[in-house]
Amino acid sequence: MKKQLGNISLACVVALALSTPLSAQEVKELHIMNSGGEYGDALDKCVNGPLLKSDSIKVITETPGGYAKMAAQAKSGVITNTVTDAPTGDMYRQVAEGLTEPIDWARLNPEPMFDEAKNPNGFGASYYSTIMAWRADAKAPANFAEFFDTEKFPGKRALPDYPEFVLPFAAMGGGMSVEDAAKGVDLDLAFKTLEKIKKDTIWWQSGAQPAQLLKDNEVQYAIAWSGRVLGQEGVSATYDQGMLDISWWVVAKGISDDQRDMLYKWLKVQTNAEAQKCLLDFLPYPGPSPELEKLVTPEVLKTFPTSAENKKVQWLMNGQWWYDNAKEVEKRWNEFKLLQ
Numbered sequence: 001m002k003k004q005l006g007n008i009s010l011a012c013v014v015a016l017a018l019s020t021p022l023s024a025q026e027v028k029e030l031h032i033m034n035s036g037g038e039y040g041d042a043l044d045k046c047v048n049g050p051l052l053k054s055d056s057i058k059v060i061t062e063t064p065g066g067y068a069k070m071a072a073q074a075k076s077g078v079i080t081n082t083v084t085d086a087p088t089g090d091m092y093r094q095v096a097e098g099l100t101e102p103i104d105w106a107r108l109n110p111e112p113m114f115d116e117a118k119n120p121n122g123f124g125a126s127y128y129s130t131i132m133a134w135r136a137d138a139k140a141p142a143n144f145a146e147f148f149d150t151e152k153f154p155g156k157r158a159l160p161d162y163p164e165f166v167l168p169f170a171a172m173g174g175g176m177s178v179e180d181a182a183k184g185v186d187l188d189l190a191f192k193t194l195e196k197i198k199k200d201t202i203w204w205q206s207g208a209q210p211a212q213l214l215k216d217n218e219v220q221y222a223i224a225w226s227g228r229v230l231g232q233e234g235v236s237a238t239y240d241q242g243m244l245d246i247s248w249w250v251v252a253k254g255i256s257d258d259q260r261d262m263l264y265k266w267l268k269v270q271t272n273a274e275a276q277k278c279l280l281d282f283l284p285y286p287g288p289s290p291e292l293e294k295l296v297t298p299e300v301l302k303t304f305p306t307s308a309e310n311k312k313v314q315w316l317m318n319g320q321w322w323y324d325n326a327k328e329v330e331k332r333w334n335e336f337k338l339l340q
């Protein structure tokens, strides 16, 4: 006679265990922060969903994330979320203020990634560029010296209302070389250039604005984020002299070993080229896998800031310079904007 457990035999219990999905108690929760919106939707579809199926890790997301919430966690001593997305400048700031822990890349053991995406303090999640664009019926500038020359290239400019995305180009417009701009910005030169064209400038704060302003013929030239202007009807653009940048994941200092284990599994999914291709269905910004280009058409690859052809004509944003000079930049930027 079989040993009984109540009215159910031991054999039945084993069979039931083998055929029953993981219970709620066996699913672990990983807590993260991100900016939400389409990005959050993309992560749910391409990363979080597959991770739940493969590793029984349910990702709980708080939006938006960012520097302020990471700082609040550190101040309270209660680490609610393991990670947040961050632009380059914020990553350097958080590292300097001791809000993050370094990434153990050997432990994470990623699939192939571009070297610059494997920062000691950040996981490079996606690439984007800040580039020049113009109406297809306008005279095409060959460089930023011509872009800022309103006499030879008449028309209005749409410029980012963010110093890190406009000052390097303004300095180049004043004669600074691309190589020097990549090291740091000559602020005197940059603001002198902006002063010359301030009457011909419309400042934008939303990434969708430059393309629309160009299409509506409210401006003839723009500095814009690559994913917002490339492929837009009636708009031309180039990666030449563009600033290549990366959106990062930074890990909160003080997370538990259990959360870290789950976080590294979550990050590793994002190094997979197929997962990055899935993300492209939502957002036009490629991930850090060099294998991704094999999964897209040549036409799509031409739009990537990470393609070999586009990468070689750009320069990488110098996050350390922006952190080191943040106070001076903010002071001079506020003074400049106050007089507009």
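Note that the numbering used here has the sequence shown beginning at 1, numbered continuously upward.
Think of the CB as a built atom: it goes at the ideal place given N, C-alpha and C, for glycine as much as any other residue.
For clarity, every value in this text was computed on a predicted model and none was experimentally measured.
Along the length of the segment 150–185, whole alpha helix (DSSP H) runs at least 4 residues long occupy 163–173, 178–183, reported in chain order. If you draw a straight line from the Cα of F336 to the Cα of W322, it is about 18 Å long.
Boundaries of the beta strand (DSSP E) around G242: 235–252. Annotation for D55: K265 place their beta carbon closer than 6 Å to its own, counting only its chain and skipping 5 residues before and after. For K118, the closest alpha carbon among the candidates K312, K327, N272, D104 is that of D104. The Cβ atoms of L189 and A171 sit closer than 8 Å to each other.
Going by C-alpha positions, A106 is about 29 Å away from G36. For F123, the enclosing beta strand (DSSP E) starts and ends at 122–135. Setting aside the 5 residues that flank it on each side, G234 is surrounded in the same chain by A136, K215, each with a C-beta closer than 6 Å to its C-beta; the list follows chain order. Counting C-beta pairs with one atom in each stretch, the segment 269–283 and the segment 25–44 have three or more that are closer than 8 Å, which means they touch.
Residue environment analysis places N272 among the buried positions, since at least 16 neighbouring C-beta atoms fall within 10 angstroms of its C-beta. Taken atom to atom, the span from the alpha-carbon of A237 to that of V251 is near 35 Å. Going by DSSP, L52 is part of the alpha helix (DSSP H) stretching over 49–55.
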